[in-house]
Each structure stands twice: as C-alpha cells, then as structure tokens.
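Trainee: Residue numbers (my numbering): 10 to 181.
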Amino acid sequence: MISISIPSFRQVVPEDERPYTAYQIHVKVAGRTHVIEKRYREFHSFHKKLRKTIDIPDFPPKKVLQLSAKGLEHRRQGLENYFNAIVTTGTIPKSLLTFLKVNNLNKAPSFDSLDDLNTDSGSTSTHQPVLIYENDPYLNPPSGKPDILVEGVLHGLYDHYPVEPENSSSSS
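1) Where does Ile248 land, buried or exposed, given buried means 16+ other C-beta within 10 angstroms?
2) Go through its chain and collect everything with a Cβ distance to Lys71's Cβ below 8 angstroms, but skip five positions before and after it.
3) In terms of DSSP beta bridges, what is Ile157 paired with?
4) In whole angstroms, what is the alpha-carbon distance linking Gln20 and Met10?
5) Are the CB atoms of Ser32 and Phe55 nearer to each other than 8 angstroms?
6) DSSP beta-bridge partners for His35?
7) Please classify Val184 as buried or exposed, where buried requires at least 16 neighbouring CB atoms within 10 angstroms.
8) Nearest-angstrom Cα distance between Val96 and Ser14?
9) May I ask you to report which of helix, strand or coil DSSP gives Leu163?
10) Could you check whether Pro16 and His5 sit closer than 8 angstroms to each other, using their CB atoms as the reference points?
11) Less than 8 angstroms between the CB atoms is what I'm expecting for Arg84 and Pro69, so what's the real figure, rounded?
12) Only counting the same chain, and skipping five residues up and downstream in sequence, which positions put a Cβ closer than 7 angstroms to that of Gly87?
13) What is the C-beta distance between Ile45 and Lys110, in whole angstroms, given that I count them as a contact (C-beta under 8 angstroms)?
14) In angstroms with no decimal places, state the Cα-to-Cα distance between Arg27 and Gly40.
15) Give a yes or no on whether 8 angstroms exceeds the smallest Cβ distance from Pro155 to chain D.
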C-alpha cells in the first residue's frame with residue numbers, strides 16, 4: 010500500500026535562477042515515510058511521460074493566477090488529488106515509484122553501523138500498535154494451586170544437580 014500526500018510548499022530562491030515553488034511530498038510505503046521535494050516543472054514532465062503509457066486523470070493547469078498563495082494552494086491540492094487518483098487505480102506504474110524515489114519496497118533497510126541508525130535521511134518509521142499485558146498469566150497463575158508443569162520445566166532448565174527421588178517408606 011502506498012500513500013502520497015503533499016502537505017506544504019515553499020518558495021525557493023536560487024542564486025543564479027528565477028525563484029520557484031517546491032512542493033513537499035510525503036510518500037508512505039510499508040509503514041515507512043520519506044519526504045522529497047519537487048517543483049511543478051518536474052511534475053509536469055512526469056505527467057507528459059506517464060500519459061503516453063496509461064490512462065491518467067487530468068493534471069492541474071500550468072498557469073496559476075499570478076502564483077498567489079490561494080492559487081498555489083489550489084495547485085497543491087490538485088497535485089495531491091492527481092497522485093492519489095493514480096495510486097487508487099490498482100496497478101502502480103514503476104515510473105511513479107521511480108519519480109517518488111521509492112526503491113526496494115520489499116527490502117528491509119540495512120545499516121553498516123549503529124551510527125547509521127541515528128542519521129536523518131528523510132525517512133522515518135511510523136508507530137505501530139503494541140499489546141501490553143500487565144500481569145503475565147503464566148508467571149503469576151490466578152489460582153493458589155502450584156503449577157507442577159511450569160515448576161518441572163523450570164527445575165529441568167535451571168537446576169544443574171540431579172534430584173534424588175523422595176522415599177515415602179523408609180527401609181531399615
């Protein structure tokens with residue numbers, strides 16, 4: 010299952026280029042989320058390539074009313090709806106995964122050292138629910154009777170000396 014959201018955008022002003030708007034894309038796959046930024050030009054180029062291969066929904070228009078905040082927000086919502094429409098069609102195109110930089114869906118992350126665990130590479134795990142039992146029914150049985158099976162197993166595992174059988178009748 011893949012989930013795509015575009016929660017925000019920001020203005021980028023490079024030194025030797027014209028300013029542009031970068032859209033922040035949150036991609037959630039198999040419980041892991043990573044964040045990338047793309048500009049509208051990249052979205053539009055991807056759309057032109059993708060429409061040659063599959064039937065896709067309408068793309069948000071290139072022209073926005075003087076790139077006002079309201080117009081940019083409308084474009085952001087349109088881009089988010091566009092990607093969610095592609096994802097809900099059933100088969101996810103490989104080119105979409107490449108565009109969103111989703112690699113190795115079935116491969117668990119690997120780390121060369123413990124230091125790699127602390128680096129922020131733009132990828133975060135989401136919280137998964139955990140079941141907690143306050144009282145362990147096997148360690149603290151509710152009845153007052155001894156559990157001879159548990160006692161026998163514990164005795165067999167942790168007592169390293171042989172136990173002599175008890176004699177019920179003494180022989181003289």
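Ideal Cβ positions, reconstructed from N, Cα and C, are used throughout, including at glycine.
Mentor: On the basis of the data shown:
1) Past the boundaries of the shown model lies residue 248; the chain is included only from 10 to 181, so the question cannot be answered.
2) Result list for Lys71: Tyr49, His53, in chain order.
3) Secondary-structure assignment with DSSP links Ile157 through no beta bridge to anything.
4) Near 31 angstroms, if we compare the C-alpha coordinates of Met10 and Gln20.
5) Before going on, a small fix: residue 32 reads as Tyr here, not Ser. Against a cut-off of 8 angstroms, the Cβ pair of Phe55 and Tyr32 comes out as no contact.
6) For His35, which the question treats as bridged, DSSP gives the partners Ser14, Val44.
7) Missing from the structure shown is residue 184; the chain here goes from 10 to 181 and no further.
8) Approximately 11 angstroms, taken between the alpha carbons.
9) Residue state for Leu163 is assigned as helix, using DSSP reduced to three classes.
10) Absent from the model: residue 5. The displayed extent of the chain is 10 to 181, so no value can be given.
11) Yes, Arg84 and Pro69 are in contact; Cβ-Cβ is about 5 angstroms, under 8 angstroms.
12) Cβ neighbours of Gly87 beyond the five flanking positions: Pro69.
13) With a beta-carbon spacing of about 6 angstroms, Ile45 and Lys110 fall inside the 8 angstroms limit used to define contacts.
14) Looking at the backbone, the Cα of Arg27 and that of Gly40 are separated by about 37 angstroms.
15) Looking for chain D here will not work: only one protein chain is present.
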